[in-house]
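What follows is one structure encoded as structure tokens, with my remarks underneath.
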Amino acid sequence: MSSGKEFPEYWVAVIKTGRVLYKMGGVTKNIARRAISLATSKCLYELNSLFQRIEKIIQPQPHLNVADNSEARELMCIRIIGASNRRYADIGNIIVVVIKEAVPDMPLERSKIVRAAIVRTCKEIKRDNEIIIRYDNAAGVIDQEGNPKGTRIFGAIARELRELNFTKIVSSAPEVI
């Protein structure tokens, strides 16, 4: 399993001889221990479902709903702004998107590349007071300065956006949870 340099909680046990299935990084100890116990008992079905629950954050290529009243209806993430090889984006991150579906005869048209701020994700948010919140995947279209192109946000958004200085998006939303 490990060469002794790391704690064994961060490794999943070997099921087939010589193959390590998954290295845990940035995951809580409880999830890592649960994965180790499932791997050692060879419950592959439960182990796969555990990994699917871990990775439900925005990646390049998924389609997103549009949360504002800009002329776009559906977006597709093509790049995550930040580090050069960043794989996942969460609430409050800025992404580069392409418009897949738009309202006809408007300035934002199909296949135009714009920036968007993620306002809701399917990955649950766990807060300190033990509340878990889960949304759909949605983003609001913004310009280069970070100002929203739409004048309203549809649906509830997370309070974490206020802490990330998206105050114009937060003020145009009907409900902040």
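So for the sequence shown, our numbering puts the first residue at 24; every next one is plus one.
All C-beta atoms, glycine included, are put in the ideal place defined by N, C-alpha and C.
Pick from the options that is closest to residue i, judged by C-alpha positions
i: M99; options: V121, N188 and I200; result: V121
i: A196; options: I156, A181 and D159; result: A181
i: E183; options: R96, G173, K149 and V164; result: K149
i: E168; options: A140, G178, F177 and D151; result: A140
i: D166; options: I154, F189 and R109; result: F189
i: D83; options: N160, E186 and R96; result: Note that residue 83 corresponds to Pro in the displayed sequence, not to Asp. The candidate whose alpha carbon is nearest that of P83 is N160.
i: I155; options: A162, G163, V164 and T144; result: T144
i: V119; options: S134, I101 and D128; result: I101
i: T174; options: E186, I192 and L187; result: I192
i: V126; options: S194, V89 and R185; result: V89
i: L187; options: D128, V142, E153 and I136; result: V142
i: P130; options: R110, V164 and S107; result: V164
Residue i burial status per 10 Å Cβ neighbour count (16 or more: buried)
i: E147; result: exposed
i: S93; result: buried
i: S25; result: Low confidence applies to S25: its pLDDT is 43, below 50, so where it sits in the model is not reliable, and the reading given next is rough at best. So S25 ends up on the exposed side.
i: P85; result: exposed
i: A112; result: buried
i: R281; result: Residue 281 is absent from the structure shown; the chain starts at 24 and stops at 200.
i: R138; result: buried
i: D151; result: exposed
i: G105; result: exposed
i: R76; result: At R76, the pLDDT of 49 sits below 50, so the modelled position is not reliable and the matter cannot be decided from this model.
i: P171; result: buried
i: D91; result: buried
i: N116; result: buried
i: I176; result: buried
i: I114; result: buried
i: I136; result: exposed
Cross-strand partners of residue i (DSSP beta bridge)
i: V199; result: I180
i: I118; result: I103 and A139
i: A90; result: Answer by DSSP bridge pairing: none, since A90 is not bridged.
Whole-angstrom C-beta distance between residue j and residue i, which should lie under 8 Å
i: R96; j: E124; result: 4 Å
i: A162; j: L87; result: 5 Å
Inset, instruction - Within the segment 130-198, note down every full alpha helix (DSSP H) run reaching 4 residues or more, in order along the chain. - result: 183-186 and 190-195
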